[in-house]
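To start, the structure under review is shown below, and the notes come after it.
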Amino acid sequence: MPSYQPNDILLDKYRIERLLGQGAFGEVYLATHIKLNGQRAVKVLRADAPGFSAPQRLQDARERFELEARLYELFHGSDLVQVFDFEEDHGILLLSMEYMPGGSLAARIEAADREGTPIPVDEVVRIGGQIAEALAALHQRDVIHRDLHPGNILFDRDGRARLADLGLAQVPGVFSERYGVSSALLSIHPGHPNFRSPEHNLGSQALKPPSDIYMLGACLFLALTGRDYHNQRPGTRVRSLRPDAPVWLDDLLTVMLAEDPRQRPWDGVEVAKKLRRDPSPLPRSAGKKPSAWWLALGAAAVVLLFALIAVPILWLTSNRQTQKLQTTQTALALQAVQAGPTDQQSAALLPAPAARAAAPEIPVEPTDLSVQQSSLSNDGKTPTAFKTQEKSSSAGEAAHPVGWEQGKLVFTARLDAGAALTLLDLASKQSTVLQTGKSENYLLGPALSPDGTRIAYYSLPNILYQSPLSPQFSPVQTDQCKSPSWASDSSSIVCSASGNRLKWAGGDSISSIYGLIPALSPNGKDLVYAVFEDQATKIYRSSVNGDAPLLLAGSSSENYAPAISPDGKWIAYQSNEGSANSEIWLMNINGAEKQRLTESGSGNWSRGPAWSPDGQWLAYVSSQAGSLGADFGEVFIRSVDTGESHQVTHTNGKVYDWRVSWGP
1 MPSYQPNDIL LDKYRIERLL GQGAFGEVYL ATHIKLNGQR AVKVLRADAP
51 GFSAPQRLQD ARERFELEAR LYELFHGSDL VQVFDFEEDH GILLLSMEYM
101 PGGSLAARIE AADREGTPIP VDEVVRIGGQ IAEALAALHQ RDVIHRDLHP
151 GNILFDRDGR ARLADLGLAQ VPGVFSERYG VSSALLSIHP GHPNFRSPEH
201 NLGSQALKPP SDIYMLGACL FLALTGRDYH NQRPGTRVRS LRPDAPVWLD
251 DLLTVMLAED PRQRPWDGVE VAKKLRRDPS PLPRSAGKKP SAWWLALGAA
301 AVVLLFALIA VPILWLTSNR QTQKLQTTQT ALALQAVQAG PTDQQSAALL
351 PAPAARAAAP EIPVEPTDLS VQQSSLSNDG KTPTAFKTQE KSSSAGEAAH
401 PVGWEQGKLV FTARLDAGAA LTLLDLASKQ STVLQTGKSE NYLLGPALSP
451 DGTRIAYYSL PNILYQSPLS PQFSPVQTDQ CKSPSWASDS SSIVCSASGN
501 RLKWAGGDSI SSIYGLIPAL SPNGKDLVYA VFEDQATKIY RSSVNGDAPL
551 LLAGSSSENY APAISPDGKW IAYQSNEGSA NSEIWLMNIN GAEKQRLTES
601 GSGNWSRGPA WSPDGQWLAY VSSQAGSLGA DFGEVFIRSV DTGESHQVTH
651 TNGKVYDWRV SWGP
């Protein structure tokens, strides 16, 4: 029986209207704020509720409840139900939250079953995309929801889906340290049993974003078919129960519901991107090799209205370690989750110029590494995995101009069960494995300095490493940011820190600029970067002083990964304008003279352009020669002027799409 009845007054402030939902440890009521005359959903925990008799358990609940309120404040403005206040009085803990009058997805599924009319496919896609964006916000801050089910998907007055209930969220240790949450936590196994991921069911205490992806997939499967995936044979396809579901959606849900978390999309960013770009091809579970994935990507927050209220539980995320280089040398292999338009790219750190603030001291962690060379082809010179292909233009054309076989490329690719940060010398055709990791998520966004002496990359969650480019490759941790862009004199780096705030690596923030994948102009005065807004990624240019940004590209849903030419006059980027998938485009520094450079073919894509040091060529990753998965392909080089192109790597589609870097 509910603890409160209609017209009861709570804390001299809230008049109860009715019960919205209840669980073992509390209840959620619709209430009216007496003074403001506005409706609220109030989540109530009582000290006399079953399970709270022990003082330590009550203290743990109080600490976690307050942390939940702080998390909501942190994610204010996202696709999460918002919290207005946290209060405690006479043994009552109360969260005052935004009321969601549109009900829950659980109620809509029940109504559809009752009426015999399935929820329209496009409606499910819309809901899934909005919840994926909420998860993206959580994952970007290392928060894992852990209790995603249809009762926690609520709808506001405009019908927009919002994610609720952070009560069982797994949060990183930094939150517990900052807000004084004790390490003695309530021993409750969280999550709805019909939606928990396989690894969750095994009792893992350090879940990763793919666990949330599984739960979202199970919610969408139920919304489309009216059946719990929990009761189906693993691998059951949506189209076998809902024939009008498009193939791309069937494929996406299949990988989201993969038993192996390494086969799923990494986080909400990736799923949101796929649901926004629904015509794009998606990897099928069959034949998709698993990629190691145990690194969390950060994210956003959640509040419970209708579903059960479980006592908050805090799990500290495990520390990430850089894997030492293995002695095995093989051709590179690659597979992973798609790099979403909210970025998986590397950042590097150099001492900040004197005019910038001194970098805070960060512990240095040298890695014991040795350099290894990839296996060679039969000619004894060219690594098999990187043997250069003749130009792809038609026979009889003039030989390629001197220039493209100069300098070095660095990229990340699949190597056996892990990934390898790889250096390819274009002149000698020799490749060197610089560093290995459990997956590409440990070796993201490699960037060569313009003088060719240093390399930087980052590891999730946004730990920046830098190393001299020498036989003893020894990366050290230098900052916490991602998406690096070197200054033309190799003296400093711009990167994207927490909340996508741009900063000088090791130094100050750059005014009030927030963006993804920043590119610093050669003169050091301007920044070009991507921004996610209005359900799309757009490219802007701004001065480093944060002057009014100029929109350069925003007419399609994807405009991403800008790269400025060495002369500062042109910007290469990836866009899906006029096509279902990403292609490489070119525009001038003012956003004019746009032209599409690549035609990857039906169902294929090209991504992540990088300029040659002389500004005559572009390197990029494309799936047109094969792909291990949604984010993998081969490295191609293309002349900006003539269109002449060359496939540079031959790895069976194992090069990760983010990113290639080209240095002298």
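Residue numbers (UniProt numbering): 1 to 664.
We put the beta carbon where it would ideally sit given N, CA and C, even for glycine.
Here the structure is a predicted model, which means the values were calculated and not measured.
One question on the structure: do residue i and residue j come within less than 8 Å of each other, judged by their Cβ atoms?
i    : j    : result
D489 : G506 : no
V81  : A164 : yes
L550 : W570 : no
L207 : R146 : yes
G568 : N523 : yes
A136 : A272 : yes
L464 : C481 : yes
E634 : S645 : no
R541 : Q574 : no
F86  : E115 : no
R18  : P101 : no
L249 : Y229 : no
P150 : A106 : yes
Y560 : I493 : no
L45  : G128 : no
D526 : S509 : no
A563 : L520 : no
I144 : P209 : yes
V42  : L95  : yes
R242 : L224 : yes
Could you name the residues that DSSP lists as bridge partners for residue i?
i    : result
C495 : K503
M587 : I571
P468 : R454
E27  : Q22 and V44
A619 : A610 and I637
L95  : K43 and F86
I144 : Q170
F411 : T422
V655 : A413 and G633
L520 : L527
H650 : Answer by DSSP bridge pairing: none, since H650 is not bridged.
L80  : L163
Please report the residue range of the beta strand (DSSP E) in which residue i lies.
i    : result
Q435 : Q430 to G437
V528 : D526 to E533
Q647 : S645 to Q647
E634 : F632 to S639
F86  : V83 to D89
T537 : A536 to S543
K482 : K482 to W486
K13  : Per DSSP, K13 belongs to no beta strand (DSSP E) and is neither H nor E.
Y560 : N559 to I564
R160 : That residue, R160, is in no beta strand (DSSP E); it is neither H nor E in DSSP.
V476 : V476 to D479
L444 : L444 to L448
L551 : L550 to A553
S602 : S602 -> no beta strand (DSSP E), and no H or E assigned at all.
Can you check which of these residues, the options, is closest to residue i by C-alpha distance?
i           : options                   : result
L424        : L550, L166, A258 and V648 : V648
V238        : G159, V124, V269 and G151 : V124
P664        : L154, K408 and R157       : K408
R15         : V28, I34, P2 and G21      : I34
residue 675 : P209, L10, R501 and V28   : The displayed coordinates of the chain run from 1 to 664. Any statement about residue 675 would go beyond what the structure contains.
L628        : A553, A427, P566 and D416 : D416
E270        : I584, E558 and L552       : E558
I584        : T598, A592, E110 and L138 : T598
G268        : S211, I119, E259 and A563 : S211
N588        : A553, L252 and Y214       : A553
residue 681 : A456, K274, S104 and H192 : Residue 681 is absent from the model: the chain starts at 1 and stops at 664.
P471        : S431, A610, A497 and Q39  : S431
V429        : V410, L443, N441 and G418 : Here the sequence assigns Lys to residue 429, which means Val is not the residue at that position. For K429, the nearest C-alpha among the options comes from V410.
D547        : P2, I513 and T537         : I513
S439        : A427, T412 and D641       : T412
T537        : S565, N576, N545 and S496 : N576
S496        : Q466, Y458 and S474       : Y458
Tell me where the alpha helix (DSSP H) around residue i begins and ends.
i    : result
I127 : V121 to H139
E110 : L105 to E115
N201 : P198 to N201
Just to check, is the beta-carbon of residue i closer than 7 Å to a non-hydrogen atom of the ligand PLP?
i    : result
P193 : The ligand PLP is not part of the structure shown, which contains no ligands of any sort.
Give a yes or no on whether 8 Å exceeds the smallest Cβ distance from residue i to chain D.
i   : result
F86 : No chain D is part of this structure, which consists of one protein chain only.
Inset, instruction - Starting from the N-terminal side, write out each stretch of the alpha helix (DSSP H) that is 4 residues or longer and does not extend beyond the segment 212-278. - result: Given a length threshold of 4 residues, each whole run of the alpha helix (DSSP H) inside the segment 212-278 is given here in chain order: 247-256 and 268-276.
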